[in-house]
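In what follows, a structure is listed as structure tokens, so that the remarks can point back to it.
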Amino acid sequence: MSDSYDTPDQRNLLDQTAQGVIGQPLDRPEGALKACGQATYAAEHDLTNCAEGVLVGATIGCGRVVRIHRDEVLAMPGVLAIYADQAMLRRNAQGTAGEAPIQDVTTVDYYGQPVALVVAESFEQATAAAKALRVDYDVTTDADFDPAAVEYEPSEEADELGDLDRAMDEAAFSIDRTFTTEAHNSAAMEPHASIADWDGRKLTLYGSFQMLKYNVKELADSLGVAEKNVRILSPYIGGGFGSKLGISHDAVSAALAARELGRPVRVTLTRQQVFETITRRSETRQRLRLACDRQGRLTGIGHEAWVTNLPDEGFAEPVTQATKFLYAGQNRRLALSIGRVQLTTAGSVRAPGEAVGMQVLEAAMDEMAEAAGIDPIEFRKRNLPAELPGEGLPYSSRMLTEALDRGARSFGWDQRHQQPCQRREGEWWIGMGVASAARVNILSKAEARVTLRADGGVLVESDQTDLGTGSYAILGQIAAEMLGVPIDRTDVALGDSDLPAGAGSGGSWGATSTGSAVFRACEAIRATLAHKLSVDVDELRLKDGLANDRPVTELLDKDLVETGRIEPGKTMKDYSQASYGAFFCEAAVNAFTGETRIRRMTGAFGFGRVLNAKTARSQCLGGMVWGIGSALTEAMEFDHRTGRLMTHDLAEYHVPVHRDVPAIEVILLEERDTVASPLQAKGVGELGICGAAGAVANAIYNACGVRLHSFPMTPDKLVGRLPDPVGA
Amino acid sequence: MATTSATLDVNGEAREFQGDPRQTLLDFLRLDLKLTGTKKGCDHGQCGACTVMVNGRRINSCLSLAIMHDGDQITTIEGIGTPENLAAIQRAFVSHDGFQCGYCTPGQICSATAMLKELADGWPSAVTEAVADTPAPSDEELRERMSGNLCRCGAYSNIIAAIREVMQSEEGA
Chain A
1 MSDSYDTPDQ RNLLDQTAQG VIGQPLDRPE GALKACGQAT YAAEHDLTNC AEGVLVGATI
61 GCGRVVRIHR DEVLAMPGVL AIYADQAMLR RNAQGTAGEA PIQDVTTVDY YGQPVALVVA
121 ESFEQATAAA KALRVDYDVT TDADFDPAAV EYEPSEEADE LGDLDRAMDE AAFSIDRTFT
181 TEAHNSAAME PHASIADWDG RKLTLYGSFQ MLKYNVKELA DSLGVAEKNV RILSPYIGGG
241 FGSKLGISHD AVSAALAARE LGRPVRVTLT RQQVFETITR RSETRQRLRL ACDRQGRLTG
301 IGHEAWVTNL PDEGFAEPVT QATKFLYAGQ NRRLALSIGR VQLTTAGSVR APGEAVGMQV
361 LEAAMDEMAE AAGIDPIEFR KRNLPAELPG EGLPYSSRML TEALDRGARS FGWDQRHQQP
421 CQRREGEWWI GMGVASAARV NILSKAEARV TLRADGGVLV ESDQTDLGTG SYAILGQIAA
481 EMLGVPIDRT DVALGDSDLP AGAGSGGSWG ATSTGSAVFR ACEAIRATLA HKLSVDVDEL
541 RLKDGLANDR PVTELLDKDL VETGRIEPGK TMKDYSQASY GAFFCEAAVN AFTGETRIRR
601 MTGAFGFGRV LNAKTARSQC LGGMVWGIGS ALTEAMEFDH RTGRLMTHDL AEYHVPVHRD
661 VPAIEVILLE ERDTVASPLQ AKGVGELGIC GAAGAVANAI YNACGVRLHS FPMTPDKLVG
721 RLPDPVGA
Chain B
1 MATTSATLDV NGEAREFQGD PRQTLLDFLR LDLKLTGTKK GCDHGQCGAC TVMVNGRRIN
61 SCLSLAIMHD GDQITTIEGI GTPENLAAIQ RAFVSHDGFQ CGYCTPGQIC SATAMLKELA
121 DGWPSAVTEA VADTPAPSDE ELRERMSGNL CRCGAYSNII AAIREVMQSE EGA
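Going down the list, the protein sequences come from chains A and B. The first sequence begins at 1 in full-length UniProt numbering and counts up one residue at a time. The second sequence begins at 1 in full-length UniProt numbering and counts up one residue at a time.
Spelled out as structure tokens, the structure:
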């Protein structure tokens, strides 16, 4: 069989198998370890004689290091060394880079960029020494720190169809709005950390990474060593959300110091360093133009976005990604422009593109529906294209209508007042909003090894990571289902770069891609078992350790080991593939202060086969919580005079806390997408954020009658525009 | 550097602190005692991942120096239960999927354990209607009282469900 996935697998094999564990809401196999504090994260591996490294961040926004006052710090108690090596990373690596990012910390590209590493015997000594280290700079005085004050140029050729300007002129109804969103930080709970340990020429690095096969290449290239001499271990990762796609400052500096000192070195970023030095989601400016006829059919759709990054970075937040395929309209213009600023590297943060693109598109769709006098759900349903606009490709599967309908029923959408300011409870205006969810689906190259042991147990192995995404659970479920083995006899080993290269965690592709590799390895084992039983593989029935009613152990004189592989193929090119859903939000806006509270949310999602209903639901929940943050509180705010990030910790950058999050309802829609993968599954890790903040914005409007075009929708933006709180 | 000493009772065991007086309780637990279940998320008292109980009350161990705890009883996640012998709240976190990445989880569990005692003892919170009354164990009360423990994976509603299950089983007992 070819590795590439070229034709839809319509056997739906996982519906024929008998074990009955696929899709079940099983507990995470590593759950008890996590609940007991016994899952070992990057900084927690116990190495003898480990020295402690603390990075020193630049106190200028742009310029050069001219002198580091080493001597006075080297004299401090316990200090072992100070490094400001050419190989140290100036920027962390972008997702799937597979090569060294920009190195050499004698140049300063952004405020807080690491310029030195101080290593000492103890963490306290290293911290004190890092604080004491004086660095002299040559400051670049004309650096650009303000996205509003730089020139932009096209990041790619605009995607144009028909004549949008004319469609706007001739439309029965149209809107033309410009929105802004602020920069975001992933803010995973575990700060980036690495422990480097050399054995001769071989480096073992305990780190916190999402995609080990790329990270090994990035680390080896940065250090100038062979890939075969680098092993990365990331068995548990305390959240990633894009921030751990590529290697970062801790990994390379720990490895350099450990090599020099001849002993293990641990480097952990401080929380402030995570904010200042790890890839941010770019702030955006987005112009939305929508035009429709009297029947509420879109005739034009324009989505133009302006984003930023550092000079020489290839990444540009792909803001219009979902607008390409989501709604109809024969006259279209999608365009992305980039400006260069000396602010922290911009890169992938959970759902790059859709996370901020969809919330704006969905807020604009609400305004358009209102202008056309049509219920916003009906307006969306009326504008789903039959095929990919401009390309004529079919959709692999699309549960958007079902998600809107099911979600609306469960949420009680019929209770919504069409006009704003109709519902008041005490000090609070109450309103409801809806938004579509959409996120592109991607299959990525992956390998996994499955062993059916002679004792009847199963082992699944891959360098795939589990960021909390559920990889340990679902990869075991796929193998248990395919081989008819009880789940408690199925082991899953992940997060070791010596294991076969999975797809890695990112772009919502980990489960479907590495899961498909596991599936194919199991298919090979099934073929062997069928051969041993002298039956056709279609006649094979595997359940509870029995193969066609014989103990499978009777067929095994030794372990059966197979490696499964998958690569994206023709199915990726021949179809438009995405996961879909719908968000419903009830928000309360304080009539006096403009404070917004989320009272309840419902999300309904269709993403192909559900592999584990418990972990998939949690992914959706988590995404919706991110939507609340993006709608109401999260913003990286820079001082545009110096480039300094003013919201560089969790007291200033406000992620949602318990009290910000109500009970959230998640509806998982049953679907099979044979085009997406042999599992008939699509990605779900990012879907829950893609549009969620739009539902919040629309609920705010429905509550208090204020349309904001600026995320996050903080009280200061609302308070001056609210209706008279007592006159109503 | 002057060294200092103290004896702490950690999960029922006497542990000697002898070291740098700048060392936080958090780093003493993680680095010296190898009790890495207590997590460092921010080192500034902003995330709650390092929550432990000191003499039954929850604190952020990153905001407290080890040397300050001579004679104190410290309970960490390792003192609450083990994978082989899970406490009820740990079992509830697993079954309700009260986490994804698991990094904030020990702090959430330690915090919830102490919080339930505070609630039972009638301590008011910012959302308690009348501070003299016994606070109602509403979801709003639970959320307010747990708001010092951040979870970036967004497992909040599952965490509240887990805590509520423990409250109900204790009522039933």
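A virtual CB, placed ideally from N, CA and C, is assigned to each residue, including glycine.
- Chain-ordered, the chain B residues with CB closer than 7 Å to the CB of K34/A read F99, G102, T105.
- The C-alpha of R659/A is placed about 5 Å away from the C-alpha of R143/B.
- Contact with chain A is absent for I74/B, since none of that chain's Cβ atoms lies less than 7 Å from the residue's Cβ.
- In the DSSP assignment, T563/A falls outside any alpha helix (DSSP H) and within the unbroken beta strand (DSSP E) covering 560-568.
- In the assembly as shown, H45/A is a buried residue. Its beta-carbon has 16 or more other beta-carbons within 10 Å.
- Listed along chain A is no residue with a C-beta nearer than 9 Å to that of Q18/B; the closest approach is about 13 Å.
- Across the structure, N441/A and G581/A are spaced so that their CA atoms are roughly 13 Å apart.
- Take the alpha-carbon of G95/A and the one of I237/A: they are about 16 Å apart.
- Runs of the alpha helix (DSSP H) lying entirely within the segment 593-637 of chain A and spanning at least 4 residues, in chain order: 613-632.
- Interface criterion met: the Cβ of V625/A is under 7 Å from a Cβ in chain B.
- Take R201/A, set aside five residues on each side of it, and the residues of its chain with a beta-carbon closer than 6 Å to its own are N229, in chain order.
- A residue is called buried when at least 16 other Cβ atoms come within 10 angstroms of its Cβ; H531/A does not meet this threshold and is exposed.
- For P712/A against E182/A, the beta-carbon gap comes to about 7 Å, under 8 Å, which counts as contact.
- When CB distances to chain A are screened at a threshold of 9 Å, the residues of the segment 145-167 of chain B falling below it are R145, M146, S147, G148, N149, L150, C151, R152, C153, G154, A155, Y156, S157, N158, I159, I160, A161, in chain order.
- With a cutoff of 7 Å on beta-carbon distance, I566/A and A635/A are scored as not near each other.
- When Cβ-Cβ separations below 7 Å define contact, Q108/B makes no contact with chain A.
- Residues of chain B whose Cβ lies closer than 7 Å to the Cβ of K614/A are, in chain order, D97.
- With its beta carbon less than 7 Å from one in chain B, V657/A belongs to the interface.
- Annotation note: the segment 78-129 of chain B contains the following uninterrupted alpha helix (DSSP H) runs of length 4 or greater, listed N- to C-terminal: 88-95, 105-120.
- Taking a contact as a CB-CB distance under 8 Å, the pair H184/A and L269/A does not count as one, their CB atoms being some 18 Å apart.
- Per DSSP, the continuous beta strand (DSSP E) segment holding H303/A begins and ends at 298-309.
- In this structure, L533/A and L483/A do not form a Cβ contact; the two beta carbons are roughly 14 Å apart against a cut-off of 8 Å.
- Residue contact with chain B for V661/A: present (Cβ-Cβ distance below 7 Å to some residue of chain B).
- Scanning chain B for C-beta atoms nearer than 8 Å to the C-beta of L467/A yields Q100, C101, reported in chain order.
- The beta-carbon of E523/A is placed no less than 7 Å from the nearest beta-carbon of chain B.
- The CB of I237/A comes closer than 8 Å to the CB of C101 in chain B, given here in chain order.
- Residues of chain B whose Cβ lies closer than 8 Å to the Cβ of R271/A are, in chain order, G41, C42, D43, H44, Q46, C47.
- Relative to E227/A, the option among E218/A, A587/A, Q330/A, K717/A whose CA is nearest is E218/A.
- In summary, Q125/A is buried, with 16 or more beta-carbon neighbours lying within 10 Å of its beta-carbon over all protein chains present.
- In this structure, DSSP gives V518/A a helical state, which the three-state scheme calls helix.
- Checking the DSSP bridge columns, you'll see E16/B partnered with T7/B.
- Per the C-alpha coordinates, the member of C690/A, T714/A, D199/A, T140/A positioned closest to G603/A is C690/A.
- Taking CB atoms only, F123/A has a neighbour in chain B less than 7 Å away.
- The C-beta of G685/A has 16 or more other C-beta atoms within 10 Å across all chains shown, which makes the residue buried.
- Using a Cβ distance threshold of 7 Å, S222/A and V252/A count as a contacting pair.
- Around the beta carbon of Q418/A, fewer than 16 other beta carbons sit within 10 angstroms, so the residue counts as exposed.
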